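Working notes for the structure below.
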Amino acid sequence: MFTDQYSLDDSADYGVNLSGRLFQALISYGQDNYRLGGNYISNRSNESSTSIVTKDTGYSLWGWTQFMPEYGFFGRYEFKDHTVTGNGAKGTTDRFLLGLEYLAMQNLRFSLVYDRSKFKNSQTANAVPATTDNGSSTRFGLFSEFSF
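Each residue of the sequence shown is one higher than the last, beginning at 42 in the working numbering.
Structure representation (structure tokens):
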């Protein structure tokens, strides 16, 4: 879901003493022509030398359905809440993806994807209210998957 956290294995390389806790749960259900799922994640890291605690929580919901033998439709919604105690930074991210999938042959799929993210920082470091750090991102793409 989200991949912007420290690698705790590399903390010694930076001279920082980090400890952390990661919890993740996933549930999904599917049949031949549809799949539904959800994911929850909570990630907390502590930097003992500065008393900074970073906490990320988030969830995602997704689904896929086949509406013709070669075509499918999928969607995904993600939400992330980011808080850093010690400097007061806070923010959220909302993201959703919509896509159309085409099975070209047995092992080859193409997907046309719309990806929209919206960022909202309610506070920057040192508890200063954020006014200019809000934004959004929109991307389109054609992706392929070859399976064997």
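Backbone N, C-alpha and C define an ideal beta-carbon position, used for all residues, glycine too.
Since the structure is predicted, the reported quantities are computational estimates derived from the model, not experimental observations.
- So which of ARG136, PHE187, ASN162 and PHE137 has the shortest CA-CA distance to PHE151? PHE187
- Task: Just confirm the distance between the C-beta atoms of LYS161 and THR133, as a whole number of angstroms; I'd bet it's less than 8 angstroms.
- Result: 5 angstroms
- Item | Pick from PHE120, ALA145, SER92 and GLY140 that is closest to LEU153, judged by C-alpha positions | GLY140
- Whole-number beta carbon distance between TYR112 and TYR143, since they are thought to touch under 8 angstroms: 6 angstroms
- Task: Return the residue from the list TYR81, THR179 and PHE184 that minimises the CA-CA distance to TRP103.
- Result: TYR81
- Apply the 10 Å Cβ neighbour rule to SER69 and answer buried if 16 or more other Cβ atoms are within range, or exposed otherwise. exposed
- Task: Go through its chain and collect everything with a Cβ distance to THR179's Cβ below 6 angstroms, but skip five positions before and after it.
- Result: ARG157
- Query: What's the C-alpha gap between GLY71 and PHE108?
  - Reply: 15 angstroms
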